[in-house]
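2 protein chains.
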Amino acid sequence: MSIYLDHAATTPLRTEVLEAMLPALTGTFGNPSSIHAAGRAARTLIDTARDRVALALNARPREIIFTGSGSEADNLALRGVVRRRAGSGGHLIISSIEHEAILETARDLRRLDFEVTELKVDAMGRVDRDVLAAALRPDTVLVSVMLANNEVGTIEPIRELAEVTHADSPAVFDTDATQALGKMKLDVEELGVDLLTVSAHKIYGPKGVGALYARHGTLLDPLITGGSQERTRRSGTENVPGVVGFGVAVQLAEAERAVEMRRQARLCAELSQRIQQGLPDAVATGSPVGERLANFCTFAFPGVEGELLLMRLDRVGICGSAGSACTSGSLAPSHVLLAMGLSPQLASAHLRLTLGRSTTQADVERAGDVICREVTALREHALRA
Amino acid sequence: MSIYLDHAATTPLRTEVLEAMLPALTGTFGNPSSIHAAGRAARTLIDTARDRVALALNARPREIIFTGSGSEADNLALRGVVRRRAGSGGHLIISSIEHEAILETARDLRRLDFEVTELKVDAMGRVDRDVLAAALRPDTVLVSVMLANNEVGTIEPIRELAEVTHADSPAVFDTDATQALGKMKLDVEELGVDLLTVSAHKIYGPKGVGALYARHGTLLDPLITGGSQERTRRSGTENVPGVVGFGVAVQLAEAERAVEMRRQARLCAELSQRIQQGLPDAVATGSPVGERLANFCTFAFPGVEGELLLMRLDRVGICGSAGSACTSGSLAPSHVLLAMGLSPQLASAHLRLTLGRSTTQADVERAGDVICREVTALREHALRA
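Chains as they are written, first to last, in my numbering: chain X, 939 to 1323; chain R, 939 to 1323.
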């Protein structure tokens, strides 16, 4: 049996979620825009799911826009705000450790005469409120800082950052909460954000569904125009089974969050301890426990080629990741780790282990032992070569 | 039992498609971008599905870009071509009977200094090649004419229109084939198109998946940027089960197309005959049989309020539509029917019946009788009022 420790990349669909989706995959197949009974039944399913996602975020249902992925929601946030100010140009602020869906999108918007500031982070990957305050300008239209980083799990002080933004500028505050959903409480009122992205497949829901929370009054142009679905903010026939699955997945994740995350945190501590005992020079990356997502266990191993390590682990049935799945295959060292001040060598020796609902004590024991053995073997091999 | 005659709005998922999707919904849950075994297994599923969609269109697999809907593919075609020419402005040509995903998108692009010509159609809804030729300009960057109309089923002379476009201009030729897929042969080489949109949920595949065919060499900017999936043309974690379902749905649709469309054409003829016998003043809309999609049966009933008719039919278990599902609820008469020269009164009295795999002889007999009865009742009611 293989041990899957890559839950930040994606998660398996929960049985309960699949069961909830099946009626929408079979019986209730209507187009929610149709006015006949088959259409109305599908519309009801979407409404219920929207209520569930809104409830989890302490938002109003009409503030939830379903999309085809977290990346689409991220793009809708940035491009939607910018498009609304068509032609005028302006200034965007993002952190330097954003997911590519924010980073590449912000950079792409330079073509529309938007200047982009990429905020420095500290060695833990944290954005400082004073650094943000200094970057804000009268023409800043949007600030986007992720809630929790996808490569090291560091949690950002979003409430403070949103406060600074709203105190000093008319800018909209956006946060990518794709990794945070289901791992920590997300309350859009407490956070004080205007836009927030979530995705179903990171919380044991289906792939192909994301959502953008857009605070009432946040001016946003659509990315996809057409039949005016989602209150004209995202056209296209709704992915009814996917949306249903998202609703149930978020409801279950919230109900079990406290207990499950305590359990995963214990397993994470055990795994970290085993790795650090076996490999005393392993460098833990990201914020310390309590300031990072509880299911993230991340290390850099000096002198080890990360891709080689991953392949060796894969061969013995352990699924891990160097960083983001989305940039796997790229040989460039992670922009996140470099921004945190790691050397390119150390950044290329990174291992991200992300635990999940299925992870057991036996898994972390075996994974810890195997990782220590494989890292040691790689180093011995490098010495002989 | 209700009779579903709204297959142009959406179709039920085929059992075989669901069965093919289930392994991807349960076991093979990896992120296709992950390099470990779980990721590679998911990548293989996507590759197979891409091959299937490409085969159905006589395209190469790398020319297929999976999206979250047909609307997203339509937007990617128009916005992608236009964005590639950022800042330069230019001229777009569409037909006046396009789906909203093309129509509204083209109109929206006026904000980026693109002029839009909406080509007139004849009474059948056909675009004439000479009308297109006269509209082409040296600065025309894109022509988009749908393969078959979604409200009346009229098939457009795409091969001729693409020929005219390529002979007289450097413009890219795009076609929305959402309704046509599975109903007629779609060969991108024979058609001579550069871009072509299809969608899974119109051919008994899952909602939440579409695709854009983009001929090799067609310059296109992405709509969604980020992790560079789909060869950087559409970022975001792939909807693996949805894509798998699309692949199987298109394979089945193509295998059964000839036989099934002959069967549906016979049933359509029977239904039309019953309606015309019972309601001699019913006005058949769209092109004659042979020049329209074989599963479309569309009529306008002088003196009848279409929305009222639909509600009455719904009450007795017949699901039909006025026109496009995407604009249901809108009280404005259809832009398609108005462009074809119908009066606003007649356009508001339109009924679209679209047959499908489940439609039986008994269905069309009952539907024909009920429609004649309900139209007559509505007219009598109007006379008394």
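The beta-carbon is built from N, C-alpha and C at its ideal position, and this holds for glycine as well.
- The C-beta distance from I1093/X to S1225/X rounds to 7 Å, short enough to meet the 8 Å contact threshold.
- The DSSP-derived three-state label of R1295/X is coil.
- Here the alpha carbons of G1294/X and A976/R stand approximately 15 Å from one another.
- Below the 7 Å Cβ cutoff, chain R contributes S1009, E1010 and N1013 as neighbours of I1162/X, in chain order.
- Excluding the 5 residues flanking it on each side, G1008/X has same chain C-beta neighbours closer than 6 Å at T1116, T1135, S1137 and G1148, in chain order.
- Not a single C-beta of chain R is nearer than 7 Å to the C-beta of N1088/X.
- Contacts with chain R (Cβ-Cβ distance below 8 Å) from the segment 1176 to 1192 of chain X involve E1176, N1177, V1178, P1179 and G1180, listed in chain order.
- Look at K1145/X: its C-beta is under 7 Å from a C-beta on chain R.
- One Cα belongs to T1113/X, the other to L1124/X, and the distance between them is close to 11 Å.
- Sorting P1095/X, E1245/X, D944/X and L1047/X by C-alpha distance to the C-alpha of R1067/X places P1095/X at the top.
- For G1261/R, not one C-beta of chain X is nearer than 7 Å to its own C-beta.
- Within the segment 1202 to 1278 of chain R, the alpha helix (DSSP H) runs of at least 4 residues that lie entirely inside it are, in chain order, 1244 to 1253 and 1273 to 1277.
- One alpha carbon belongs to G1091/X, the other to A1305/X, and they sit about 19 Å apart.
- Under DSSP, the beta-bridge partners assigned to R1290/R are T1236/R and S1259/R.
- The residue among R1169/X, R1200/X, C1206/X and Q1283/X with its C-alpha nearest the C-alpha of P970/X is R1169/X.
- H1029/X sits in a strand when the DSSP states are folded into three classes.
- Annotation: L1099/X to L1070/X spans about 7 Å, alpha carbon to alpha carbon.
- If you draw a straight line from the Cα of G1241/X to the Cα of D1252/X, it comes to about 20 Å.
- At a cut-off of 7 Å between beta carbons, G1027/R makes no contact with chain X.
- Taking 7 Å as the cut-off, the beta carbon of I1002/X is found no closer than this to the beta carbon of R1171/X.
- Rounded to whole angstroms, A980/R and G968/R show a C-alpha spacing of 6 Å.
- Taken through DSSP and simplified to helix, strand or coil, E1053/R comes out as strand.
- For the set L995/X, G1279/X and A1287/X, the Cα lying nearest the Cα of K1121/X is the one of L995/X.
- R1045, D1046, R1049 and L1050: these are the residues of the segment 1045 to 1077 of chain R whose beta carbon lies less than 9 Å from some beta carbon of chain X, given in chain order.
- Judged by DSSP secondary structure, D1114/X falls within the beta strand (DSSP E) whose first and last residues are V1110 to D1114.
- Bounds of the beta strand (DSSP E) holding A1152/X are G1148 to A1152.
- Rounded to whole angstroms, the Cβ separation of G1279/R and A1061/R is 5 Å, and the two are in contact under 8 Å.
- In this structure, D1077/X sits near H1029/X, with a CB-CB distance shorter than 7 Å.
- Cβ neighbours of V1274/X within its own chain (closer than 6 Å, five residues either side excluded): I1035 and E1089.
- Listed along chain X, the residues sitting closer than 8 Å to T964/R by beta-carbon distance are P950, L951 and L956.
- Residue range G1008 to R1022 is occupied by the alpha helix (DSSP H) that includes S1009/X.
- Looking at R1200/X, H1139/X, Q1189/X and D1132/X, the one whose alpha-carbon comes closest to that of H1154/X is D1132/X.
- Neighbourhood of H1104/X in chain R, by CB distance below 9 Å: empty, with the nearest CB roughly 27 Å away.
- Cβ-Cβ distances below 6 Å link G1165/R to S1173 in the same chain, with the five nearest sequence neighbours on each side left out; the list follows chain order.
- For M959/R, no pairing in a beta bridge is given by DSSP.
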